[in-house]
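Let me begin by presenting the structure, written as structure tokens, before commenting on it.
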Amino acid sequence: MAKRICPFCKEKVKENATICKHCGSKLP
6 MAKRICPFCK EKVKENATIC KHCGSKLP
């Protein structure tokens, strides 16, 4: 599973995530 970085909290999230599991922000 590929990962990307949340632009708000800089944590790793799944590539297909729509909301960061760490900070709850909507991902672009």
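Using the working numbering, read the sequence shown as starting at 6 and increasing by one per residue. Backbone N, C-alpha and C define an ideal beta-carbon position, used for all residues, glycine too. None of the values given here were measured: they were computed from a predicted structure.
Item to check | C-alpha distance - Ser30 paired with Ala22, whole-angstrom precision | outcome: 11 Å
Checklist entry - Would you report the Cα separation of Leu32 and Ile10, rounded to the nearest angstrom? => result 10 Å
Checklist entry - In terms of residues, what are the limits of the beta strand (DSSP E) holding Ile24? => result Where Ile24 is concerned, there is no enclosing beta strand (DSSP E), given that its DSSP letter is neither H nor E.
Checklist entry - Relative to the C-alpha of Ala7, which residue among Cys25, Lys26, Glu20 is closest? => result Glu20
Checklist entry - On the three-state DSSP scale, how would you describe Lys31? => result strand
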